[in-house]
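To convert a position in the sequence shown, counted from 1, into my numbering, add 381. Beta carbons: idealized from backbone N, C-alpha and C, even for Gly. Because the structure is a prediction, the values reported are computed rather than measured. Read through the structure below, which is laid out as structure tokens, and then see the notes.
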Amino acid sequence: DEENELGIRCVALAIPGPGGKADSAFSISGLAPYMTPERIRRIAALALETRADILRDLGVQGV
Numbered sequence: 382d383e384e385n386e387l388g389i390r391c392v393a394l395a396i397p398g399p400g401g402k403a404d405s406a407f408s409i410s411g412l413a414p415y416m417t418p419e420r421i422r423r424i425a426a427l428a429l430e431t432r433a434d435i436l437r438d439l440g441v442q443g444v
């Protein structure tokens with residue numbers, strides 16, 4: 382929510398590695414005026430699906 386760059390909002394998720402500790406992450410950024418609460422909810426849902434796909438591709442169980 383503009384903590385690193387004025388005018389930019391970001392949705393980010395960690396990707397756990399072996400042992401469950403996060404060893405990578407990805408984010409989706411956009412201009413703050415376009416990152417409405419509804420859009421952030423939609424992006425967050427898609428990001429969660431994407432993380433689950435990545436974990437499945439990596440062979441992580443329980444996803």
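In whole angstroms, give me the CA-to-CA distance for E404 and P414.
Just to set this straight, residue 404 is Asp in the shown sequence, not Glu. For D404 and P414, the distance between alpha carbons rounds to 31 Å.
Return yes when the Cβ of I435 is within less than 8 Å of the Cβ of I396, no when it is not.
Yes, these two residues count as a Cβ contact at 8 Å.
Round the Cβ separation of A426 and I409 to the nearest angstrom and send it over; I've been treating them as touching at under 8 Å.
A Cβ-Cβ separation of about 12 Å leaves A426 out of contact with I409 under the 8 Å criterion.
So for G411, helix, strand or coil by DSSP?
It is a strand residue.
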